[in-house]
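In what follows, a single structure is set out as structure tokens and then discussed.
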Amino acid sequence: MHGWHHSAYRLKTLAMPVPYVLLVTENVSNSSIEELKSHNIEVRRTSLFTVPHAKKAAKYHYTKLRLWSLIEYDVVLYIDLDALPMRDLLPFFSCGSFCATFRHSDKFNAGMLVLKPNLTVYEDLISQAPLLPTYDGGDQGFLNSYFHELKFTPTFDHNRPDQQLYNSAQRRLSSEFNYDIGVYYLNGGRLLVEPAIIHYTMGPTKPWLWWTYPLFDLNEHWSKTR
46 MHGWHHSAYR LKTLAMPVPY VLLVTENVSN SSIEELKSHN IEVRRTSLFT
96 VPHAKKAAKY HYTKLRLWSL IEYDVVLYID LDALPMRDLL PFFSCGSFCA
146 TFRHSDKFNA GMLVLKPNLT VYEDLISQAP LLPTYDGGDQ GFLNSYFHEL
196 KFTPTFDHNR PDQQLYNSAQ RRLSSEFNYD IGVYYLNGGR LLVEPAIIHY
246 TMGPTKPWLW WTYPLFDLNE HWSKTR
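Every letter in the sequence shown is one number past the one before it in the numbering used here, and letter 193, counting from 1, is 238.
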């Protein structure tokens with residue numbers, strides 16, 4: 046499980062008063078679980094969710110839908126393990142019932158989400174999973190089909206107190222919340238915003254691979270988080 050220790054360390058240094066929970070599936074070994082717990086990480090096992098129509102390689106890609114079943118939490122801020130928090134994320138917890146970032150297309154990225162767990166929504170997601178299309182064969186495509194109206198919603202502004210009044214609604218998040226390193230390199234190595242989260246999205250060039258460092262300077266942020 047690459048990435049967990051970097052995210053865990055960074056979140057602890059940010060000292061946010063919220064629990065850090067790592068969801069693992071049943072194929073994660075007990076020894077790995079014990080290592081995670083030794084770092085004071087709360088570990089939650091969750092079952093794999095199979096998609097009837099998916100090809101073999103992608104049949105477990107909808108397991109992320111289990112997030113909506115975590116009703117013991119008022120709000121869940123989900124972060125993929127190939128993403129690195131850079132600053133306080135607490136303002137984003139109040140964005141709404143479902144929030145995500147659109148970047149260079151009309152599709153949002155599912156690597157960072159804010160959501161309010163809800164069993165009614167969860168059961169509907171499960172029932173719709175075999176029915177709705179997914180453009181990428183995974184949860185991101187499905188969630189874009191399910192939350193297809195998100196693109197038409199206002200962008201959450203955490204600097205406006207009145208935004209708290211609408212935190213039951215869906216909201217788009219600005220690109221700072223889920224900063225795609227691909228956009229950085231397409232813009233000649235210039236940061237367009239100050240990232241709250243850097244997302245290392247570029248396929249096989251993940252920052253835990255040593256050979257990527259001479260090529261991708263943003264990987265240095267990952268390397269410094271130990």
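For every residue, glycine included, the Cβ atom is placed at its ideal position computed from N, Cα and C.
What residue does the beta strand (DSSP E) around phenylalanine 143 start on, and which one ends it?
143-147
Beta-carbon within less than 8 Å of histidine 106's beta-carbon, same chain only, minus the 5 sequence neighbours each way: which residues are those?
Cβ neighbours of histidine 106 beyond the five flanking positions: Val96, Ala99, Gly182, Gly183 and Asp184.
Taking 8 Å as the threshold (C-beta atoms), are methionine 61 and leucine 135 in contact?
yes
Looking only at its chain, what residues have a beta carbon closer than 6 Å to the beta carbon of arginine 89, apart from the 5 residues adjacent to it on each side?
Val66 and Leu68
Taking tryptophan 113 as the reference, which of Ser142, Leu56 and Ile86 has the closest Cα?
Ser142
Start-to-end residues for the beta strand (DSSP E) that takes in threonine 70
66-70
Could one say the Cβ of threonine 270 lies closer than 8 Å to chain D's Cβ atoms, at least one of them?
Within the model displayed, chain D is absent; a lone protein chain is all it includes.
Beta-carbon separation of aspartate 225 and threonine 257 under 8 Å?
no
From isoleucine 243 to leucine 56, what does the alpha carbon distance come to, in whole angstroms?
13 Å
CB-CB length for proline 162 against isoleucine 116, believed under 8 Å:
5 Å
Rank Leu110, Arg148, Glu194 and Val121 by C-alpha distance to the C-alpha of leucine 231 and give the top, closest one.
Arg148
Quick check: what's the CA-CA separation for proline 240 versus phenylalanine 187?
Roughly 26 Å separates the two Cα atoms.
Of all the options Leu263, Phe201 and Lys196, which has the alpha carbon lying nearest to the alpha carbon of valine 228?
Leu263
Using CA coordinates, which residue listed in Thr250, Asn189 and Glu221 is at the minimum distance from leucine 236?
Considering only alpha carbons, the answer is Glu221.
Determine, using beta carbons only, whether arginine 217 and phenylalanine 201 come nearer to each other than 8 Å.
yes
For leucine 158, the nearest candidate out of Ser219, Phe261 and Val238 (CA to CA)
Selected option, being the one with the closest Cα: Ser219.
Going by other Cβ atoms of all chains shown within 10 Å of its Cβ, with 16 needed for buried, is leucine 254 buried or exposed?
Burial check for leucine 254: the Cβ neighbour count within 10 Å stays below 16, so the residue is exposed.
Checking 8 Å against the spacing of the C-beta atoms, do leucine 260 and alanine 174 come in under that value?
no
Hey, would you say proline 249 sits closer than 8 Å to tryptophan 267, going by beta carbons?
Contact: no.
Can you grab the Cα-Cα spacing for the pair threonine 91 / glycine 156, in whole Å?
Between threonine 91 and glycine 156, the alpha-carbon positions lie close to 18 Å from each other.
Using a Cβ-Cβ cutoff of less than 7 Å, which residues in the same chain neighbour lysine 82 once the five nearest sequence positions on both sides are dropped?
Exclusion of the five residues before and after lysine 82 leaves Val88 as the residues of its chain whose Cβ lies within less than 7 Å of its Cβ.
Please work out which residues of its chain come closer than 6 Å, Cβ to Cβ, to serine 213, disregarding the five sequence neighbours upstream and downstream, and give them in chain order.
Ser142
Looking at the secondary structure, which residues open and close the alpha helix (DSSP H) in which glycine 156 lies?
Run containing glycine 156: none in the alpha helix (DSSP H); it sits in the beta strand (DSSP E), 153-160.
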